Every structure is written in structure tokens, then in C-alpha cells.
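Student: The numbering of the sequence shown is UniProt numbering, which starts it at 1 and goes up by one.
Backbone N, C-alpha and C fix where the C-beta goes; we use that ideal spot for every residue, glycine too.
Remember, predicted model here, so these are calculated numbers, not experimental data.
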Amino acid sequence: MAFVQLNYLDVRPLALFAGAEGNLPALKACLLSARRQSARIRLFLGNGLGAFGHSNETLFILETQCTWLVKGQHERQILKEAVGEYDLYFSNTSLERAKHSLSPANKALLRHWTDLVRVETPNGALLACYGTPDYLLPDTLNVYQLDKDRILAWLKQFHCQGLVVGSDSQPWIEHLKDGYFVASCGACGFASLSGQTDVHFLMVEQFRNRLIPRVDRVTYDASDWISQLRREGLPEVVTYPMLKGLPPPDDYYS
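1. Under a Cβ-count criterion, where at least 16 other Cβ atoms within 10 Å of its own Cβ denotes burial, should H112 be classed as buried or exposed?
2. With a Cβ-Cβ cutoff of 9 Å, do L14 and V204 count as a contact?
3. What residue from L152, D224 and C30 has the CA that sits closest to A187's CA?
4. Run through the DSSP bridge pairs and tell me what Q206 is partnered with.
5. Going by DSSP in three states, N142 sits in which element: helix, strand or coil?
6. Put W172 into one of helix, strand or coil per three-state DSSP.
7. Alpha carbon to alpha carbon, how far is R12 from Y180?
8. Hey, quick one: how far does the alpha helix (DSSP H) through A125 stretch, first residue to last?
9. Could you say which of P213, N47 and A2 lies nearest to E21 if we only look at CA atoms?
10. Does DSSP put S101 in a helix, in a strand, or in coil?
11. Nearest-angstrom Cα distance between Y86 and H74?
12. What residue range is occupied by the uninterrupted beta strand (DSSP E) comprising F44?
13. Rounding to the nearest angstrom, what Cα-Cα distance links H175 and A125 in this structure?
14. I'd like the ranges of any beta strand (DSSP E) spanning at least 3 consecutive residues and lying wholly in the segment 30-79.
15. What residues in its chain sit with their C-beta under 7 Å from that of D168, if we drop five residues either side in the sequence?
16. Could you please give the first and the last residue of the uninterrupted alpha helix (DSSP H) stretch that includes Q228?
17. How far does the beta strand (DSSP E) with Q5 in it extend, from its first residue to its last?
18. Looking only at C-alpha atoms, which of T121, L49 and L43 sits nearest to H100?
19. Going by the CB atoms, is the gap between G131 and L27 shorter than 9 Å?
20. Is it right to say R97 is buried, meaning 16 or more other beta carbons lie within 10 angstroms of its own, or is it exposed?
21. Express the C-alpha separation of F17 and V164 in angstroms, rounding to a whole number.
22. Name the two residues that bound the continuous beta strand (DSSP E) containing R118.
23. Tell me where the beta strand (DSSP E) around L16 begins and ends.
24. What do you reckon, are the CB atoms on D213 and G162 nearer than 9 Å?
25. Using 9 Å as the threshold, is the C-beta distance between N7 and S55 below it?
26. Taking the alpha helix (DSSP H) that L152 falls in, what are its first and last residues?
27. For L155, count the other beta carbons within 10 Å of its own beta carbon; 16 or more makes it buried, fewer makes it exposed. Which is it?
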């Protein structure tokens with residue numbers, strides 16, 4: 001497992017993103033919002049490439065605007081490193097779309113993405129990854145089935161106050177005992193709420209020796225982007241989550 005240690009001597013906030021899936025305008029809107037809030041550390045926690053294609057453009061944005069990049073399940077599948085449960089949403093068709101829009105040179109860049117980032121700040125340390133910090137347990141944490149003892153063990157092992165994971169679902173925050181927390185930054189490529197185009201990411205503020213996570217939402221104009229994707233041949237079932245929120249319809253896999 002690749003591990004990166006960052007020492008952040010500033011007291012300004014940190015921003016964490018995941019799950020862009022090639023949704024360029026949503027990713028740009030989230031990054032712009034983070035910069036406007038003076039987030040000097042911007043971490044992307046996996047699944048930047050996916051069903052919407054446009055992999056080269058997505059990778060350029062991530063490489064130039066994020067402090068560090070973490071491999072998600074999609075990047076591992078493209079690099080043939082994926083282990084564990086298969087991601088149904090990232091179907092063979094989506095995989096081919098992501099790979100088709102990714103040049104060989106850019107594919108090679110994915111190997112430089114890390115698996116785990118620890119950020120030391122003046123007010124505490126933060127652990128960030130895709131799924132879980134344990135490479136043998138790659139499945140994403142579920143807010144409804146959290147093993148809090150295991151999470152606390154990870155946090156104490158790495159001497160961190162908080163754990164943030166990337167996922168392909170809605171964002172959430174769970175506060176644990178003694179000031180610890182675990183959170184998911186969600187998937188910034190999909191709508192936060194049904195019928196809206198708000199997308200989301202996670203901000204972590206620093207205050208009086210504490211790290212305080214909060215979900216940040218930003219609106220972008222998705223209509224032109226959806227029209228472009230449909231002209232490129234994407235079916236409505238793929239663009240559905242952009243406007244209707246997650247999860248996809250119940251008959252998505254039928």
C-alpha cells in the first residue's frame with residue numbers, strides 16, 4: 001500500500017473530493033468552491049474516472065488542481081489492481097468508456113496515485129483514503145453499518161483525529177467518542193438531492209485543536225453537459241443520477 005505523509009502548517013481548511021466519474025463541470029464547480037474558501041490542501045479520494053468518459057480532461061484537472069490523488073476502485077480496475085467486491089455501477093461498458101478516453105501516457109500517471117494520505121495540521125491529524133485504510137478490506141464504509149471499534153483502532157494506529165473516505169454514494173459524517181470522527185466526502189459527480197443539480201464535497205475546518213468536518217454543496221448548470229453526453233451516446237440511465245440524486249433507479253441493473 002502506497003502511503004503519503006503531508007505536513008500542513010496552515011490553519012486554513014482542507015477540502016476532500018471523490019467520485020467525479022468524468023463529470024467535468026461538477027468537478028470544476030467543487031474545486032472552485034474549495035479554492036474560494038481558501039482550502040490550500042485539496043485531496044481527491046478516488047473514482048475520478050468512470051461512466052461519463054472524458055478521462056484525459058478529468059485527469060488534467062485533478063493533476064493541476066489537487067494536492068494529492070488517491071486511487072479508487074475505478075483507477076485500480078483500469079490498472080488491474082482491483083480486489084474485493086465488484087462495483088456494479090462501474091460496468092464493463094463504463095470501464096471501456098473510461099479507458100477509451102484515457103491516453104497511454106495518462107494511464108501511466110495513475111500508477112503514481114497513492115492509497116493512503118495522512119495530513120498533519122496545527123490542530124490535529126487527518127487520515128484519507130478510498131474505501132478503508134485496510135487494503136485487505138477495500139469495500140467502502142457504510143454509515144448504517146459502521147464498525148466503530150475498528151475505525152477507532154485505525155485512527156489510534158495512525159494517531160489521527162478523523163478519517164475521511166471516498167465513495168460513490170452520498171456524503172455523511174459520524175462523530176465518535178473522544179472527539180474522533182469518520183466521514184465520507186461522497187461522489188461529486190452526482191446530484192445531492194433528487195430533482196436538483198447540487199453536488200457535494202467535504203470541508204474540514206481547524207478550530208481550537210480540533211478538526212471539524214462539514215459537507216459543502218455547490219450548484220452547477222448540468223443541462224448543457226447532459227445534452228453533450230447524450231449526443232456522445234450515453235444512455236439516459238447513466239445521466240439519470242446527475243439530476244435525480246443517488247442511488248440510480250431500482251431497475252438499473254435489470
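Tutor: Answer, in terms of the structure:
1. Around the Cβ of H112, a 10 Å sphere holds fewer than 16 other Cβ atoms; the residue is exposed.
2. Their beta carbons are under 9 Å apart, which means L14 touches V204 by this criterion.
3. With distances taken between Cα atoms, A187 lies closest to C30.
4. Its beta-bridge partners are L211.
5. Residue state, collapsed to three classes: coil.
6. Residue state, collapsed to three classes: strand.
7. Spanning the two alpha carbons is a distance of roughly 20 Å.
8. Careful: A125 lies outside any alpha helix (DSSP H), inside the beta strand (DSSP E) at G124 to Y130.
9. Among P213, N47 and A2, the Cα nearest to that of E21 is on N47.
10. If DSSP states are grouped into helix, strand and coil, S101 belongs with coil.
11. Because the pLDDT of Y86 is 47, which lies under 50, any placement of that residue in the model is unreliable, and the question is left without a value.
12. Its beta strand (DSSP E) spans residues I41 to F44.
13. Distance from the CA of H175 to the CA of A125, rounded to the nearest whole angstrom, comes to 15 Å.
14. As far as the segment 30-79 is concerned, its whole beta strand (DSSP E) runs of at least 3 residues are 41-44.
15. So the qualifying residues of the chain are G19, N47, Y89 and A187.
16. Note, Q228: alpha helix (DSSP H), S223 to R231.
17. F3 to N7 is the extent of the beta strand (DSSP E) around Q5.
18. Looking at the Cα atoms, L49 is the closest of the given residues.
19. No, Cβ-Cβ distance for L27 and G131 is not below 9 Å.
20. Sixteen is the threshold: when 16 or more other Cβ atoms of the shown chains lie within 10 Å of the Cβ of R97, as they do, the residue is buried.
21. Counting only the Cα atoms, F17 lies some 10 Å from V164.
22. That run of the beta strand (DSSP E) goes L116 to T121.
23. It spans L14 to F17 - the beta strand (DSSP E) in which L16 sits, taken as one unbroken run.
24. Position check: residue 213 holds Pro in this sequence, whereas Asp was assumed. Cβ distance < 9 Å, so P213 and G162 count as in contact.
25. Not closer than 9 Å, so no.
26. Taken as a continuous stretch (DSSP letters only), the alpha helix (DSSP H) holding L152 covers K148 to Q157.
27. L155 should be labelled buried.
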